[in-house]
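Working notes for the structure below.
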Amino acid sequence: MKKRNLLAIFCALALGAAMGCMAACTGGNDPGGNDPGGNDPGGNDPGGNEPGETVEYGLPAAERGHYINNSDLLDDGGTRWLLYTTNETAGEEDNVIALRKGTFEEGEGKGWKYGEENIVLRGGEDGWDEYIGSASIVKGTFELGGTDYSWLMAYCGTSQADETQFEIGLAVAQSPDGTWTKVGTAPVVTFDTAALGAPETSVGCYAPSLVNYTKESGIRLFYSYADQYGHFAKFVDIDASDLDAPVVSGEAMVPTEGEIAGGDQVPMFPNADFAYDADNGVFYAVKDYSPVPSMEPQFAARIQLLSIDEEELYTTDIGEGWSSIRTWDNTDTPDGMYERLYGASIVSDAYGHTDSATGAEIIYNVCELEVDNEDYLFTQNLMTFEVSYQ
């Protein structure tokens, strides 16, 4: 994005909606399993493999004049792939999708070490996706143009310079750090401004979250949908085996029944990320709290982790709905120093699964306030929590 930040757009429009309305990872010492990941976003460690070399362990920190947000973190058999949104030019808001490869090093004070940033996707010049938002990737079996691919990306983009009317497209690659090829010239999930309650000032379809529920080509694409009524979650199922002719189901609304934290008259589900436990038939989600603070930046000040039985996604006869696992606010950040935490994601395997997991690792964003730093957008960085389901 070249004009404004998607998070700011999301929150500003949310406030005006009729119903109101986003370190190193170590084991937690808190009895509840909560670990803020240290006081230093990026988890710098002075150790090194060569004299004088500084090795950084833990989540990477943005360089000066840059930001990191909208993360997606997958563990692919001992290799981690960290996908996120950043700005390509220092001091500008020209969003691109970037990726880093993580490897684990044993030893005291060590851990996950992430490599150099690799820009893997840019907006299309004068295309429907000229302004890029966030993205999500999964492993699987896909074919496009007679070529086999092992990775699928869903990303949101728009042709609108004011970053409204987001839609969602697909891309494929043979490796996450390889070359990504966009699928076709049109989005797979569109936003219809002619629909009831969907004016041109709506954010549209954003925050894609992929789950490969068959671990082959059966994809569930979750996303956030924002119109004048608020921010909710939807999903479509995609047979992505032949991406020259993908089979896309009709959209379904994610239920809002249950223990959803929020201060709106109607429960909302903004800026969510999803993961699937196939062994137990459960979906997990982490979402932003709404409404958001009025003070800049208008990003969420809380996040919530929830679970729901898989069968309740497919019926209008909802039982218990969502069960709350944990809500975090600024008091859970290092020394309580960050008043904004938002844009969280659940660390999953390469297919978006967390099968038989006994807990979750949550990656989230922090940001300084405008009153403390007028360049607050460029203070966005990642931190981590760990939580036990027990």
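Numbering of the sequence shown is given in the numbering used here, commencing with residue 2 and proceeding in unit increments. By construction, the Cβ of each residue, glycine as well, lies at the ideal position given by its N, Cα and C atoms. From a predicted model like this one, the values you see are computed outputs, not experimental measurements.
Buried or exposed by the 16-neighbour rule on C-beta atoms within 10 Å, applied to residue 105
exposed
Pull up the DSSP beta-bridge partners for residue 362, would you.
387
What does DSSP give as the partner residues of residue 76 in its beta bridges?
81 and 350
Pull up the DSSP beta-bridge partners for residue 103, would you.
81 and 115
Residues in the same chain with beta-carbon distance under 8 angstroms from residue 167, minus the five sequence neighbours each way, listed in chain order, please.
7, 134, 157, 158, 159, 192, 204, 205, 206 and 207
With a 10 Å radius around its C-beta and 16 neighbouring C-beta atoms as the bar for buried, classify residue 100 as buried or exposed.
buried
Three-way DSSP call (helix, strand, coil) for residue 293 in this model
Coil at residue 293, not helix or strand.
What does a CB cutoff of less than 6 angstroms around residue 73 pick up in its chain, not counting 5 residues either side in sequence?
84, 137 and 346
Quick one: grab the DSSP three-state call for residue 332.
helix
Nearest neighbour of residue 377, chosen from 69, 58, 56 and 55 [CA to CA]
69
How far does the beta strand (DSSP E) with residue 237 in it extend, from its first residue to its last?
231 to 240 is the span of the beta strand (DSSP E), which, as asked, contains residue 237.
For residue 120 and residue 281, I'd like the C-alpha separation in whole angstroms.
36 angstroms
On a Cα-Cα basis, can you pick out the residue from 263, 369, 367 and 363 that is closest to residue 385?
That would be 363, whose Cα lies nearest to the Cα of residue 385.
Straight-line Cα distance separating residue 107 from residue 224:
37 angstroms
Keeping to the same chain, check which residues put their C-beta closer than 6 angstroms to that of residue 301; ignore five residues upstream and five downstream.
Excluding sequence neighbours, residue 301 sits near 23, 289, 290, 293 and 343.
Below 8 angstroms between beta carbons: does that hold for residue 361 and residue 285?
yes
If you follow the beta strand (DSSP E) that residue 157 is part of, which residue opens it and which one closes it?
148 to 159
Pick from 183, 321, 62 and 67: whose alpha carbon is nearest that of residue 244?
183
Examine the Cβ distances between the stretch 255 to 265 and the stretch 170 to 179 and report whether three or more of them are shorter than 8 angstroms.
no
Give the straight-line distance between the Cα atoms of residue 123 and residue 161, rounded to the nearest whole angstrom.
15 angstroms
What runs of the beta strand (DSSP E), each 3 residues or longer, lie entirely inside the stretch 138 to 220?
148 to 159, 168 to 174 and 205 to 213
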